[in-house]
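Take a look at the structure set out below.
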Amino acid sequence: MWRSFLRAHARVTRNLEAELIAEQRLSLAAYDVLVQLEESPGRRLRMTELAEAVLLSRSGVTRLVDRLERAGLVTRERADGDGRGVVAVLTQAGADRLHTAAQTHLAGVVRYFVAPLEPDELNTLGHTCDRLSSSAAEGLDRTATVHETTSTDLTRPRGGA
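Per full-length UniProt numbering, residue 1 is the first one in the sequence shown, and the count goes up by one each step.
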């Protein structure tokens, strides 16, 4: 069952990304960044919060925001009250691009995720995913605590002491 879940997830996300790239020239990760910014107060998020929201490393989200900034879809600003903090801000061009890309993305979600399932299956899947997400979040809390106290050479980030 686990491998079946992984295969389904990989195939659905691969199809969604392929359609976004083909029709909108936007990766799924870039689309997700635009969504997270659109849904945030003031259409802005600290880079660390954005990395957590889209499940990318800080360096990964930095590189992605670099590309989105070059395309004029986001800008960076200093965080209010924090000279070191940086926030990513969705531009109007980014919001417009997101709204266009959302049509492609949502059509794909319906095609690959909603349409193949019966309504009761979708409902059950929704409840199941909520439970799995909650359980995994608790696990992340536990492993973060363990990692803070038991770092080894194999778990230490590159360049770490």
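Think of the CB as a built atom: it goes at the ideal place given N, C-alpha and C, for glycine as much as any other residue.
Measuring straight from C-alpha to C-alpha, what distance separates L55 and L122?
The residue labelled residue 55 in the question sits at position 55 within the sequence shown. The residue labelled residue 122 in the question sits at position 122 within the sequence shown. Using only the alpha carbons, I get a separation of about 24 Å.
Return the CA-CA distance between A18 and L90, expressed in angstroms with no decimal places.
As a position in the sequence shown, residue 18 is number 18, starting the count at 1. As a position in the sequence shown, residue 90 is number 90, starting the count at 1. Taking the straight line joining both Cα atoms gives about 23 Å.
Using 10 angstroms around the beta-carbon of Q36, count the other beta-carbons present and answer buried if the total reaches 16, otherwise exposed.
Numbered from 1 along the sequence shown, position 36 holds the residue referred to as residue 36. Looking at its Cβ environment, which holds 16 or more other Cβ atoms inside 10 Å, Q36 is buried.
Which residue comes first and which comes last in the alpha helix (DSSP H) that contains E17?
The sequence position of residue 17 within the sequence shown is 17, counting from 1. E17 -> alpha helix (DSSP H) spans 2 to 24.
Considering Cα atoms alone, identify which of V109, V110, L20 is closest to T100.
On the sequence shown, position 100 is the one that residue 100 refers to. Closest option to T100, Cα to Cα, is L20.
Would R76 and V86 qualify as a contact pair, given that the criterion is a beta-carbon distance under 8 Å?
For the purposes of this step, residue 76 is taken as residue 76 along the sequence shown, with counting starting at 1. For the purposes of this step, residue 86 is taken as residue 86 along the sequence shown, with counting starting at 1. Going by C-beta atoms, R76 is nearer than 8 Å to V86.
Look up T48 in the DSSP assignment and say whether it is helix, strand or coil.
Taking the sequence shown and counting its residues from 1, one reaches residue 48 at position 48. Helix.
Measure how close the beta-carbons of L28 and L16 come, nearest whole angstrom, since I'm counting them as under 8 Å.
Here the question's residue 28 lines up with position 28 in the sequence shown. Here the question's residue 16 lines up with position 16 in the sequence shown. L28 to L16, Cβ: 6 Å. Contact.
Please classify H127 as buried or exposed, where buried requires at least 16 neighbouring CB atoms within 10 angstroms.
Residue numbering aside, residue 127 sits at position 127 when the sequence shown is read from its first letter. Its Cβ having fewer than 16 others within 10 Å, H127 is exposed.
Look at A93 and L64 and say whether their C-beta atoms are less than 8 Å apart.
Sequence index remark: in the sequence shown, residue 93 carries index 93 (1-based). Sequence index remark: in the sequence shown, residue 64 carries index 64 (1-based). Going by C-beta atoms, A93 is not nearer than 8 Å to L64.
Under a Cβ-count criterion, where at least 16 other Cβ atoms within 10 Å of its own Cβ denotes burial, should R7 be classed as buried or exposed?
Translated into positions along the sequence shown, residue 7 becomes position 7. Exposed, by the Cβ-count rule.
Taking the continuous beta strand (DSSP E) assigned at A88, which residues delimit it?
Counting from 1 along the sequence shown, the entry for residue 88 is found at position 88. Run containing A88: 86 to 90, per the beta strand (DSSP E) assignment.
To the nearest angstrom, how far is the alpha carbon of V12 from that of D80?
Locating residue 12 in the sequence shown gives position 12, where the first residue counts as 1. Locating residue 80 in the sequence shown gives position 80, where the first residue counts as 1. Near 39 Å, if we compare the C-alpha coordinates of D80 and V12.
Identify every run of the beta strand (DSSP E) within the segment 51 to 115, keeping only runs that are complete inside it and at least 3 residues long; order them along the chain.
Complete beta strand (DSSP E) runs here, min 3: 74 to 78, 86 to 90.
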